[in-house]
Every structure is written in C-alpha cells, then in structure tokens.
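Numbering of the sequence shown is given in the numbering used here, commencing with residue 57 and proceeding in unit increments.
For each residue, glycine too, the CB sits at the ideal point set by N, CA and C.
These figures come from a predicted structure and were not determined experimentally.
Step one of this worksheet: look at the structure below.
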Amino acid sequence: MNIEITAVTQAKVTINGQALAREYAESILLPLMVAAQGKNSPAILKVAQAFATAGLSLKAVPAANGAYQTHLAEQAQLDARRKAEAEADYQRCRVPTAQEIAEKKAKRLREAQAVREHAERIRSQMGR
C-alpha cells in the first residue's frame, strides 16, 4: 500500500489525492489503515511513518505510535553505533602528519632536557 500525503494544513489534508478533514484522517482513517494491515508490523510501521512524516498525529493508535517511536529509537542507536565505528576506524587508520610528528619529537626532547637539568641540579646539590 502506497500512501501519499500532501497539502497538510490545520484543517485539511490530502491523502492519495482525496481531500479530507485532518481530524477525520487522524482519528478514523489512521486506525482503519492500521487495522487493515492486521499483524503485519512492517506495513503498520509504513503507515505510521507516512502519517508522522506528514506531521499528522498518531495518538489514535497507540500501538502504531509505540512501534514508530521504537523504530526511531533503534534507527538513532544504529546511526550512533555506525558513527562510533567509523570514528574508531578513522583513528585506527590515521597517519600522523609531518607537523604532528615534529611536535611530538620536540615535546619528547623538551621533557628529556628537563629531566637532565633536574638530575644535574640534584648532583650539584649533593656535591658531585
């Protein structure tokens, strides 16, 4: 079933080319369309997604609303996991630039020089 929802206003909505009252579409047509799908969860989700994407309320069918919200949460979780994996792959495969290598080497040299100076101060205090 292909649902085409266009021209959504406060009072009217056009569904598959037929102008309907928004309240009728939300409170009567949505439950009928969901009931027509039976226990076919993907089809119910498709109906709920069409209505939600158009900005219509899903309050008339709590089961469809819950399924749609669960679907959105799963999609967000999947996107976050994919983003984290992509970032981890990027960090794992990243090649440091010449500038970064030079900065790291300079930092190591500064730290080594500070250690040598500290050791020299201790030796001079001990009289060696």
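Let's test the definition: count the other Cβ atoms within 10 Å of the Cβ of residue i and tell me whether it reaches 16, buried, or not, exposed.
i: GLU79; result: exposed
i: VAL90; result: buried
i: ILE157; result: exposed
i: ALA175; result: exposed
i: ILE100; result: buried
i: TYR124; result: buried
i: GLU82; result: buried
i: ALA120; result: buried
Within the continuous alpha helix (DSSP H) that includes residue i, where are the two ends?
i: ALA108; result: 97-109
i: PRO118; result: 118-149
i: PRO87; result: 86-92
i: LYS161; result: 154-182
Can you tell me which residues form a DSSP beta bridge with residue i?
i: LYS68; result: ALA77
i: ILE61; result: ILE71
Tell me, to the nearest whole angstrom, how far the beta carbon of residue i is from that of residue j; I am working on the premise that it is less than 8 Å.
i: ILE71; j: ILE59; result: 7 Å
Kindly confirm or deny that the stretch 136-147 and the stretch 103-115 touch, where touching means at least three C-beta pairs closer than 8 Å. As far as the Cβ criterion goes, the stretch 136-147 does not touch the stretch 103-115, which means the pair count is below three.
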